[in-house]
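**Student:**
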Amino acid sequence: MIVDNLDNADLYYSLDPKIKKALLYLKNTDLLSMKAGKYEIEADNIFIIIDEYQTKSFEEKKWEIHKNHIDIQFIIKGQEQLAYLNIKDYEVEIPYNKEKDISFGKAKDPLLTTFINAKEGFFIIFTPQDAHIPAISINKPDYVKKAVVKIKVL
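Its first residue numbered 173, the sequence shown is counted upward by one per residue in the numbering used here.
1) For I244, does the three-state DSSP call read helix, strand or coil?
2) With DSSP as the reference, label D223 as helix, strand or coil.
3) Within 10 angstroms of its Cβ, does F298 collect 16 or more other Cβ (buried), or is it exposed?
4) Give the list of continuous beta strand (DSSP E) stretches no shorter than 3 residues that lie fully inside the segment 224-292.
5) For E212, which option in L187, K193, K260 has the closest C-alpha, if you only look at C-alpha atoms?
6) In this structure, how does DSSP classify K199 when only helix, strand and coil are distinguished?
7) Which residues bound the beta strand (DSSP E) around P313?
8) Is K207 helix, strand or coil by DSSP?
9) Do P306 and L257 have their C-beta atoms within less than 8 angstroms of each other?
10) Since I221 contacts V320 with CB under 8 angstroms, what's their CB separation in whole angstroms?
11) Following the continuous beta strand (DSSP E) through V175, name the residue where it begins and the one where it ends.
12) Rounding to the nearest angstrom, what Cα-Cα distance links N311 and S186 in this structure?
13) Helix, strand or coil, according to DSSP, for D188 in the structure here?
14) Taking Cβ to Cβ, would you say F295 is nearer than 8 angstroms to Q245?
Below, the structure is given as structure tokens:
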């Protein structure tokens with residue numbers, strides 16, 4: 173997991189050419205004017221989902237994992253808290269859906285949870301070994317507009 177401001181995106185270009193392409197897309201696109209929906213960046217390899225929602229309490233959310241994609245979650249507007257947990261500390265409750273590349277579950281030991289507060293301009297990179305919970309309220313429900321770039325790893 174990586175957390176940083178998009179102003180520092182160039183520090184991560186050397187990780188992978190697809191990560192570089194995704195971060196450049198986030199930097200060079202007017203995301204605020206984009207409507208909610210899914211947009212292709214590079215055929216099936218990289219796509220972006222623009223979403224708008226109200227954050228919810230931690231108790232209302234489930235842990236999720238993805239086996240075939242890296243997530244780059246970028247806060248366009250608003251703020252939210254995200255939770256992180258290494259996959260070895262994750263327990264499946266809803267079996268993996270291959271078509272949607274997602275499984276939902278819970279933490280084996282909640283004390284191993286790391287919380288991240290993210291505001292406008294910040295991105296978080298979650299890899300397939302990172303269980304995570306997005307869209308958590310910080311103090312109260314808040315409107316968030318977010319871009320999630322999905323990068324195929326397999």
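For every residue, glycine included, the Cβ atom is placed at its ideal position computed from N, Cα and C. All figures in this text were calculated on a predicted structure; none of them were measured in a lab.
**Tutor:** Judging by the given coordinates:
1) strand
2) strand
3) buried
4) 235-237, 241-249, 251-258, 262-269, 274-279, 286-291
5) Out of L187, K193, K260, the CA that lies nearest to the CA of E212 is found in K193.
6) helix
7) From DSSP, P313 is part of no beta strand (DSSP E); its letter is neither H nor E.
8) coil
9) no
10) 5 angstroms
11) 174-177
12) 36 angstroms
13) coil
14) yes
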